[in-house]
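Visitor:
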Amino acid sequence: MENSEKIDWPKINQIIEKYNVNREALLMIMQDISDMYNYVPPEVIPVLVERLGVRKSLVYSVATFYKTISLEPRGKHIIKVCTGTACHVRGADKIMDALKEHLHIKEGETTDNLMFTLEAVRCIGCCASGPVMTVDQETHGGLDRATAVKIIEGHNKNVT
Amino acid sequence: MAKLENREALEELRNSLKIATQEKSKRLISLCAGSGCSAYGTAKVHKALKAELTKHGLQDDVEIKLTGCHGFCEKGPILVIQPEGILYPQVKEDHIPNIVEETIKNGNLVQSLLFKDPASKKKISHEHDVPFYKLQKRIILGNNGLIDPTSIEDYISVGGYSALVKALFDMTPEEIIDQVKKSGLRGRGGGGFPTGIKWETCARHDGDRYVICNADEGDPGAYMDRSLLEGNPHSILEGMIIGAIAVGSHEGYVYVRHEYPLAVKNLLFALQSARRLGLLGENILGSGFSFDVHISRGGGAFVCGESTALMTSLEGKPGRPRAKYIHTVEKGFRESPSLLNNVETWANVPVIINNGADWYASIGTERSKGTKIFSLVGKVVNTGLVEVPMGTSLRAIIYDIGGGIPKKKKFKAVQTGGPSGGCIPEQFLDMGVDFDELKKVGSIMGSGGMIVMDQDTCMVDVARYFLDFLKEESCGQCTPCREGIKHMLQVLTDICAGNGKEGDIELLEEIGDVVAKASLCGLGASAPNPVLTTIRYFRNEYESHIRDKKCPAGVCKPLFYYEIDAEKCTGCTLCALKCPQQAISGEKKKVHHLDREKCIKCGICYDSCKFDAIVIK
Ligand SMILES: Cc1cc2nc3c(=O)[nH]c(=O)nc-3n(C[C@H](O)[C@H](O)[C@H](O)COP(=O)(O)O)c2cc1C
Ligand code: FES
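As they're listed, the protein sequences go chains A and B.
Residue numbering for the first sequence follows the working numbering, starting at 12 and increasing by one per position.
Residue numbering for the second sequence follows the working numbering, starting at 230 and increasing by one per position.
1. Here's a check: name, in chain order, each residue in its chain whose Cβ is nearer than 6 angstroms to the Cβ of Met12 (chain A), leaving out the five neighbours to either side.
2. For Met230 (chain B), count the other beta carbons within 10 Å of its own beta carbon; 16 or more makes it buried, fewer makes it exposed. Which is it?
3. Can you name the start and end residues of the beta strand (DSSP E) that Leu568 (chain B) belongs to?
4. For Ile829 (chain B), does the three-state DSSP call read helix, strand or coil?
5. Quick one: does Phe361 (chain B) have its CB under 8 angstroms from some CB of chain A?
6. At the 8 angstroms Cβ level, is Thr122 (chain A) part of the contact set with chain B, yes or no?
7. Would you tell me roughly how many angstroms separate the C-alpha atoms of Gly102 (chain A) and Pro52 (chain A), rounded to the nearest one?
8. Indicate, with yes or no, if ligand 2 has a heavy atom lying under 7 angstroms from the CB of Thr96 (chain A).
9. Could you check which residue in A:Thr96, A:Gly165, A:Leu59, A:Lys161 has the C-alpha nearest to that of Glu28 (chain A)?
10. Using a Cβ-Cβ cut-off of 7 angstroms (strictly less than) and excluding sequence neighbours within five positions of Pro618 (chain B), which residues of its own chain qualify?
11. Going by DSSP, what residue range makes up the alpha helix (DSSP H) through Val32 (chain A)?
12. Under 8 angstroms, do Ile902 (chain B) and Glu356 (chain B) count as touching if we go by C-beta distance?
13. Please confirm whether any heavy atom of ligand 2 lies closer than 7 angstroms to the CB of Val476 (chain B).
14. So is Asp118 (chain A) in contact with chain B if we call contact Cβ pairs under 8 angstroms?
15. So what does DSSP say about Val160 (chain A), is it helix, strand or coil?
16. May I ask you to list the residues that DSSP assigns as paired with Ala444 (chain B)?
17. If we cut at 8 angstroms on Cβ distances, does His487 (chain B) have a partner in chain A?
18. Pop quiz: Gly741 (chain B) and Val760 (chain B) are said to be a contact at Cβ under 8 angstroms. What is the actual Cβ separation, rounded to whole angstroms?
19. When you check each C-beta in the region 281-304 of chain B against every C-beta of chain E, which residues fall closer than 8 angstroms?
20. Can you list, in chain order, the residues of its chain with a C-beta nearer than 7 angstroms to that of Trp20 (chain A)? Leave out the 5 residues immediately preceding and following it.
21. Can you round the beta-carbon distance between Gly472 (chain B) and Leu568 (chain B) to whole angstroms, since I take them to be within the 8 angstroms contact cut?
22. His151 (chain A) CB to nearest chain B CB: under 8 angstroms?
23. Please confirm whether any heavy atom of ligand 1 lies closer than 7 angstroms to the CB of Thr296 (chain B).
24. Using CA atoms only, rank isn't needed, just tell me which of A:Glu35, A:Ile80, A:Ser68 is closest to Tyr482 (chain B).
25. Closer than 7 angstroms to a non-hydrogen atom of ligand 1 - does that hold for the CB of Phe422 (chain B)?
26. Of the residues that make up the region 69-83 of chain A, which ones have a beta carbon closer than 9 angstroms to any beta carbon in chain B?
27. Return the bridge partner residues of Pro654 (chain B) from the DSSP annotation.
28. Taking the runs of the alpha helix (DSSP H) that are 4 residues or longer, which of them lie wholly in the region 741-804 of chain B?
29. For the region 522-529 of chain B against the region 476-490 of chain B, do three or more pairs of beta-carbon atoms, one drawn from each stretch, fall closer than 8 angstroms, so that the two count as touching?
30. Compute the Euclidean distance between the alpha carbons of Asp377 (chain B) and Thr121 (chain A), then round it to the nearest angstrom.
31. Indicate whether at least one CB of chain A lies closer than 8 angstroms to the CB of Ile626 (chain B).
32. Can we count Tyr628 (chain B) as close to ligand 2, meaning its CB is less than 7 angstroms from some heavy atom?
33. At the level of alpha carbons, what is the spacing between Gly633 (chain B) and Thr645 (chain B)?
34. What separation, rounded to the nearest whole angstrom, lies between the Cα atoms of Lys284 (chain B) and Gln501 (chain B)?
35. Identify each residue in the region 86-102 of chain A for which the Cβ-Cβ distance to at least one residue of chain B is less than 9 angstroms, and report them in chain order.
36. Using Cβ-Cβ distances below 8 angstroms, what residues of the region 130-147 of chain A are close to chain B?
Structure below.
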């Protein structure tokens, strides 16, 4: 399998050890893995099952219940547009529409070149600066259509 | 720093820290590094400030303190120069040379950078004179602007952990519970349950008791918990340790959202430094009492804020709630007695122990004591965190502190309580806000989100918005919530799309009644609130959508169009320049024309016109 070679197994083990191989930390372990790959690669699931001594069904039900976990590959950059109430009344829809048009994808989708995934998030606690979005770890506030698109264009330029 | 072996050692440390600060007596620049200000560029300002101070050789005479959220997030990044309290809002990198040269070196104010009060149009130089701060009572939030959240020394020097000492050495667990009961403190996480009674019940049940802090903060639009965790994590920790002494617990958890990385980081740091000083862990301050706290990160599910769901999630399972015929204080996390309180509730505990129940109970209204932090957001001039005594009127919060509605628009409603709350119309603006008054008008306190809506907000769309949120967040276990919400959402979506029928309003009321009565947990039980309150107070908007096929606020796209008012249009060309569809044409200084075929109703022209010449039809 091509993908399993790309997986950094020592690192995965480190993560599991960091949480003392505690099955109660299943979600956090998956979140940390997700931080490495932007999703939880299916190959790691049997490993979680074995090391944590949990059922496969539990791993899948946790992975699908919580929004922070994706089992599908996502883009290099994750864009999260806040659609929380405060941002909603300040026009979050318009930001989302502008980015959808700009990237030619729908909400929840990834661009063909695997560069960007566009997601909605319900409030990131920067409600006073709305509408806001995050690109990876960075938060951008006080957006309008034009500034949102410009920020994304900036990221595109950085890599090409 | 070495472990503190007893209470005297802590007091000694506190004294030496105080003396050290007095001796230094140097200038202090506190720069807000909370999430809001950081989104506006604190990091760049910080870098510029450091470089500029070094350039002037002032790096040893002026201390820069990166603090948590000051609350005045609208005007971020916030910079305050101490000891005077000179406030510079919305600071940018290129303002820094001026501020250092004039204020730090020469002691003058930079007039052009001072805060301009939108109401009086006057410049205000000092933090404590700004109306936004002046009218608040910040007993919980106040220290945020003064301390570096990553420094336990800072917290100790402003009196931190003195309540813990009192609770450990001068009070019995019963006395602690008694003080909390007498203070009248009620849970800040939503329900307003009397905290002292919860503690008392938990202490009565045998088993390995757990103390848990609910930092899931799922209510979109509320961020006071985030700001407390980021800005003053030790206050929450101190509250939790006191709670642990009171109920007899040795292990605690903070359940915090994954979406709050800075909060997780600062909290983790706080735990480590408290352990290092012997304020957490084995044998705290030599008292023989041991208690430690772990962090658990949630995964972005609103329902996990509910007590039983949260505890199931802590166990590493999907966070589905259960019926509460046995309360979590008896059987919660790991089937053990569990004491769950909200972040802000915990932060109130040290204040009560330090100042006494009587002092605390003198603040607020008859049945709601103390202060409440509101996150004042949406269509309001000064958005931010506002801490006021319970019972303060909506008008005082929105107009006196919040500065009213921007762009001279008309107030329409204020939404409180998040997806479980309701929309309160203008006629209740003079109502004092507390747990009971809000309930009377069909809303709830919730966690303190306060979203102001103006004439451009469509109330049917707001109801639809919340149901859409709740449909996504319903865990799907019980039928009334899963199916009822979905069905109500369908009706509302139809209304917003222009397909509403006579009888829809009654249908919504009927389903809403069943969902509220028959759902398993609080999510479903309160889900109809946003719909029912908007029907109650804004029925005419529903009727315009259904009968006239019009959205008066200009939000539901199929139900309105834009037109140019020939009387008002000055031909300034701004709208034509900004229109992404080239739908507006016209010559300079002549009335413009809007082509409805091309228009996508993005609203850019409406927002940018300075003459109100774009009208909603
Ligand atoms: C659907 C739902 C979501 C909730 N979300 C939160 C939350 O995000 N934060 C919180 O502190 N309480 C939340 N609560 C309330 C908790 O169930 C619980 O009452 C509270 O944490 C207890 O602490 P308190 O007494 O200090 O308020 C929620 C309740 C429900 C029904
Ligand atoms: S509503 Fe958008 S950050 Fe809170």
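Glycine included, every Cβ here is placed at the ideal spot set by N, Cα and C.
Guide: Working from what's here:
1. For the purposes of this step, residue 12 (chain A) is taken as residue 1 along the first sequence, with counting starting at 1. Caution applies to Met12 (chain A), whose pLDDT of 40 falls short of 50 and renders its modelled position unreliable; the model cannot decide the point.
2. On the second sequence, residue 230 (chain B) is found 1 positions in, with the first residue counted as 1. Exposed is the call here.
3. Mapped onto the second sequence, residue 568 (chain B) falls at position 339. It spans 567-571 - the beta strand (DSSP E) in which Leu568 (chain B) sits, taken as one unbroken run.
4. In the second sequence, residue 829 (chain B) corresponds to position 600, counting from 1. Coil.
5. Here residue 361 (chain B) is taken as the residue at index 132 of the second sequence, counted from 1. So no, Phe361 (chain B) is outside the interface.
6. One-based indexing of the first sequence puts residue 122 (chain A) at position 111. So, not an interface residue.
7. For the purposes of this step, residue 102 (chain A) is taken as residue 91 along the first sequence, with counting starting at 1. For the purposes of this step, residue 52 (chain A) is taken as residue 41 along the first sequence, with counting starting at 1. Roughly 35 angstroms between the two C-alpha positions.
8. As a first step, residue 96 (chain A) must be located in the first sequence, where it is residue number 85. Thr96 (chain A): yes, Cβ under 7 angstroms from ligand 2.
9. Counted from its first residue, the first sequence places residue 28 (chain A) at position 17. Nearest of A:Thr96, A:Gly165, A:Leu59, A:Lys161 to Glu28 (chain A), Cα basis: A:Leu59.
10. Within the second sequence, the letter at position 389 stands for residue 618 (chain B). Closer than 7 angstroms at Cβ, skipping near neighbours: Lys366, Ile592, Gly593, Thr600.
11. Within the first sequence, the letter at position 21 stands for residue 32 (chain A). Counting along the chain, Val32 (chain A) falls outside any alpha helix (DSSP H), and DSSP gives it neither H nor E.
12. With chain B covering only 230 through 846, there is no way to say anything about residue 902 (chain B).
13. As a position in the second sequence, residue 476 (chain B) is number 247, starting the count at 1. Every heavy atom of ligand 2 is 7 angstroms or more from the Cβ of Val476 (chain B), so no.
14. If you number the first sequence from 1, residue 118 (chain A) lands on position 107. Reading the sequence as shown, one finds Glu at residue 118 (chain A) and not Asp. So, not an interface residue.
15. Position 149 of the first sequence holds residue 160 (chain A). Here Val160 (chain A) sits in helix by DSSP.
16. As a first step, residue 444 (chain B) must be located in the second sequence, where it is residue number 215. Paired residue(s): B:Val485.
17. Taking the second sequence and counting its residues from 1, the one referred to as residue 487 (chain B) is at position 258. His487 (chain B) counts as touching chain A.
18. Here residue 741 (chain B) refers to the residue found at position 512 when the second sequence is read from its first residue. Here residue 760 (chain B) refers to the residue found at position 531 when the second sequence is read from its first residue. Between Val760 (chain B) and Gly741 (chain B) the Cβ distance is about 6 angstroms, and since that is below 8 angstroms, they are a contact.
19. Absent from the structure is chain E; the protein chains it does hold are A and B.
20. The residue you call residue 20 (chain A) lines up with position 9 of the first sequence. Result list for Trp20 (chain A): empty, nothing under 7 angstroms.
21. Residue numbering aside, residue 472 (chain B) sits at position 243 when the second sequence is read from its first letter. Residue numbering aside, residue 568 (chain B) sits at position 339 when the second sequence is read from its first letter. Yes, they are in contact, since the Cβ atoms of Gly472 (chain B) and Leu568 (chain B) sit about 6 angstroms apart, within 8 angstroms.
22. The residue labelled residue 151 (chain A) in the question sits at position 140 within the first sequence. Yes, contact with chain B.
23. Taking the second sequence and counting its residues from 1, the one referred to as residue 296 (chain B) is at position 67. Thr296 (chain B) Cβ: outside cutoff for every heavy atom of ligand 1.
24. For the purposes of this step, residue 482 (chain B) is identified with residue 253 of the second sequence, where counting begins at 1. It is A:Glu35 whose Cα lies nearest to the Cα of Tyr482 (chain B).
25. Locating residue 422 (chain B) in the second sequence gives position 193, counting from the first residue. It does: the Cβ of Phe422 (chain B) is within 7 angstroms (strictly closer) of some heavy atom of ligand 1.
26. Leu69, Ser72, Val73, Thr75, Phe76, Tyr77, Lys78, Thr79, Ile80
27. The residue you call residue 654 (chain B) lines up with position 425 of the second sequence. Beta-bridge pairing links Pro654 (chain B) to B:Ala642.
28. 751-755, 758-772
29. yes
30. Here residue 377 (chain B) is taken as the residue at index 148 of the second sequence, counted from 1. Here residue 121 (chain A) is taken as the residue at index 110 of the first sequence, counted from 1. Approximately 39 angstroms between the Cα atoms of the pair.
31. Stepping through the second sequence from its first residue, residue 626 (chain B) is reached at position 397. No - not a single Cβ of chain A is within 8 angstroms of the one on Ile626 (chain B).
32. The residue given as residue 628 (chain B) occupies position 399 in the second sequence. Not so, every heavy atom of ligand 2 lies at least 7 angstroms from the Cβ.
33. The residue given as residue 633 (chain B) occupies position 404 in the second sequence. The residue given as residue 645 (chain B) occupies position 416 in the second sequence. One C-alpha to the other measures close to 17 angstroms.
34. Taking the second sequence and counting its residues from 1, the one referred to as residue 284 (chain B) is at position 55. Taking the second sequence and counting its residues from 1, the one referred to as residue 501 (chain B) is at position 272. Roughly 35 angstroms between the two C-alpha positions.
35. Lys91, Cys93, Thr94, Gly95, Thr96, Ala97, Cys98, His99, Val100, Arg101, Gly102
36. Val132, Arg133, Cys134, Ile135, Gly136, Cys137, Cys138, Ala139, Ser140, Gly141, Val143
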